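Everything below concerns the one structure shown next.
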Amino acid sequence: MPNWTRIWSPWFRDWRQRPLTGWSREEREFLAQYPFLKTVQAAQKPPPDVTNWRNWLFLGGRGAGKTRAGAEWVRFAVNHCGVGRVALVGPTLTDVREVMIEGVSGLRHLGNLSDAQPVYHVSRRTLEWPNGAVGQVFSAEDADSLRGPQFEAAWCDEIAAWREGEAVWDTLQMGLRLGVHPQCVATTTPRPVPLVKRLVDGEAVLTRAATKDNAAYLASGFVEAMEAIYGGTALARQELLGELLDTPEGAVWTRGMIDHTRVTVPPEQFEDIIVAVDPPATSGAKADTCGIIAAGLAIAEGFGRRCFVLADGSVQGLRPLDWGARVGALVRSVGARAVVAEANQGGEMVRSVLESAGCDVPVLLRHAKLGKRVRAEPVAAFYARGDVAHVGVLAELEDEMCRFGAAGFTGSPDRVDALVWAVTALMLEGGQGPRVRGF
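Position 169 of the sequence shown, counted from 1, bears residue number 168 in numbering that gives the first Met the number 0, the numbering being contiguous throughout.
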C-alpha cells in the first residue's frame, strides 16, 4: 500500500522558511512544478491525516483561493498518487469548462508544466493528462449522468449552487470506489442549503478561509472596497468571510422556510401554470435584472392546494425583444397558461414586447400600488404555512429572497418581485383548471 503520508508530505512543509538556494536540486525541481506550495494558505491544504478522511469541504469567501486549491489537489493526485480516474463536477457543464478547467486558476493553467498540461476534449467531455489520467466532466443539473462511471477522486465546485445538490452528491459518492483510498474535495462559497449543512455537520472534514486571507493575489483594493461597501453585514460574513449563515436579520424569508418544503420532482398535473415577469426599465450592463419566474398550482397529497416554483429564468442586460424571447421560451417549456407582468414601467409596451417576441399566451398586466415588502409579506406567509414549494434549488432567487428586507440590502429585488407576482396570481387569484405538466 502506498505511504500516503509520505507522498503528501510536501504539502505540509513550510517552503518559505529559507531561500530557494537553500533547497536541494530535487526540492528546487519540485517547487518549479508546484510554485503554489510556496504561497499556499492553511485552508487550501487538504487535512493532514490524509488516510482518515473521504470528503474534504473547503468553505471560503469570494476570491479566497478555493478553485486553485481544488485544481492543485487534483493535479497532485494525478501526478504523484497514481490517480487515473477523476470526476469534475460543477453547477453546469459551462462552469466546469470555464472555471475548473480553463479558468485562471483552472486545471489547464497551473504551475510551470507548459509541456505537460492536460488536454480538454470537448466532444467527449474529458480532460486527459499526458500520463493517461482522465478527468470526466459532469453537470450538477444531471445526477443520472453519474450513474455507472467510477472514480478514484473527485473535485466538486460551488456545491451550494447545485440545483439538485444532495441527489448529485449521493450519486457521485456511490461511484467513488476505485483505488486504495478514493477521496473527494468540495469547494464552495457557503450557502445554508441542505447539502452544505450535511457536510459541515460531519460528513466531511472542513477548512475555511476569508477573502482577505488571499488578498495578496486579488486586484489591488478589492478587499478594502468590498469591506467598505458590505462590512458588518450578514452578506459580508457569508460572501467575504466564508461563514455559513441561515438568514440575515430582518429578511422576509428564511432558509428554513424554503428548505422545509423543497421537492426534487414537480407534480404530474397542475391546476394552473404561469410565468411572471418584472421587466427592467433599461437594458445594458447597468440595467436591473429582468425577473422571470415560472410557478404552478397543484393539489399536493397531504397539503391541498400548493404553489410550486418551477424555474428561475431571470436575466440581466438583455434588450426587450431578447428578454421577451426568454419569457416565451420558458412559457413553452413549462406549458404556462399566461404571463403575468408588472406594468409600472412600460405599461402596454410590456405586452407589445412579449407579443413581438413570440409569446403566444395571454399577457396579464399588473400595476403595483403597495410597497415591495408589503406585497411580499403575504407571499412569505404562504411559505411559512408550507403552501409554497421550490422544485430543486433556485440558488440566485433564494439568495435574493433571504436578503430581501434585511438591513443593508440594496439593489432591486427583481427575482423576488417576479416571484411575488407569480404566487399572488396563483394563490390569491386562483387557478384556471387542470393542466398536465409540460416539461
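By construction, the Cβ of each residue, glycine as well, lies at the ideal position given by its N, Cα and C atoms. Here the structure is a predicted model, which is why all the values come from computation and not from measurement.
Using the beta-carbon count (16 or more within 10 Å), is E399 buried or exposed? Residue 399 sits at position 400 when you count from the first residue of the sequence shown. Per the 10 Å Cβ criterion, buried.
With V360 and A324 assumed to form a contact (beta carbons below 8 Å), what rounded beta-carbon distance in angstroms separates them? Walking along the sequence shown from the start, residue 360 turns up at place 361. Walking along the sequence shown from the start, residue 324 turns up at place 325. Not confirmed; about 14 Å, so no contact.
Please state whether DSSP places G201 in a helix, a strand or coil. For the purposes of this step, residue 201 is taken as the residue at position 202 of the sequence shown. G201: helix per DSSP, three-state reduction.
Which same chain residues end up closer than 6 Å to W154 when comparing Cβ atoms and leaving out the 5 residues on each side of it in sequence? In the sequence shown, counting from the first residue as 1, residue 154 sits at position 155. Contacts found: G69, V73, L87 and V184.
Is W168 helix, strand or coil when you go by DSSP? Your numbering for residue 168 matches position 169 in the sequence shown. Correct three-state label for W168: helix.
Using the DSSP secondary-structure output, state which residues sit across from A153 in a beta bridge. Position 154 of the sequence shown holds residue 153. Note: A153 sits in a beta bridge opposite A86 and C183.
Compare the Cα-Cα distances from D143 to each of R162, V167 and T91 and report the closest residue. Taking the sequence shown and counting its residues from 1, the one referred to as residue 143 is at position 144. Measuring from the Cα of D143, the nearest candidate turns out to be V167.
Can you find the residues in the same chain that come closer than 6 Å, C-beta to C-beta, to E157, ignoring five residues on each side of it along the sequence? Taking the first residue of the sequence shown as position 1, residue 157 is located at position 158. So the qualifying residues of the chain are P90 and T187.
Please list, in chain order, all residues of the same chain as F11 whose beta carbon is under 7 Å from its beta carbon, the five residues on each side excluded. One-based indexing of the sequence shown puts residue 11 at position 12. K44 and P47, listed in sequence order.
Who pairs with W55 in a beta bridge, going by DSSP? Looking up residue 55 in the sequence shown gives position 56. Per DSSP, V184 and V204.
Contact between the region 271-291 and the region 418-430 (3+ Cβ pairs under 8 Å): yes
Starting from D311 and walking both ways along the beta strand (DSSP E), at which residues does that stretch end? Translated into positions along the sequence shown, residue 311 becomes position 312. G303 to D311 is the extent of the beta strand (DSSP E) around D311.
So, at 7 Å on beta carbons, what are the nonlocal neighbours of R61 in its own chain, with the 5 sequence-adjacent residues on each side left out? Counting from one through the sequence shown, the residue named residue 61 turns up at place 62. Only T188, T210, E238 and L239 meet the Cβ criterion.
Span separating the alpha-carbon of E341 from that of M256: Numbered from 1 along the sequence shown, position 342 holds the residue referred to as residue 341. Numbered from 1 along the sequence shown, position 257 holds the residue referred to as residue 256. The alpha-carbon atoms of E341 and M256 are separated by roughly 26 Å.
DSSP has T288 in a bridge; who is on the other side? Your numbering for residue 288 matches position 289 in the sequence shown. Its beta-bridge partners are Q315.
Need the endpoints of the alpha helix (DSSP H) that D413 sits in, please. Taking the sequence shown and counting its residues from 1, one reaches residue 413 at position 414. Per DSSP, D413 belongs to the alpha helix (DSSP H) from D413 to V422.
Hey, is the region 264-280 in contact with the region 94-111, meaning 3+ C-beta pairs nearer than 8 Å? no
Considering only residues of the same chain and omitting the five flanking positions on each side of L427, which have a CB-CB separation below 8 Å? Counted from its first residue, the sequence shown places residue 427 at position 428. Here the set comprises P377.
Same chain, Cβ closer than 7 Å to L393, five either side skipped, listed in chain order: As a first step, residue 393 is located in the sequence shown; it is residue number 394 there, counting from the start. So the qualifying residues of the chain are V308 and D311.
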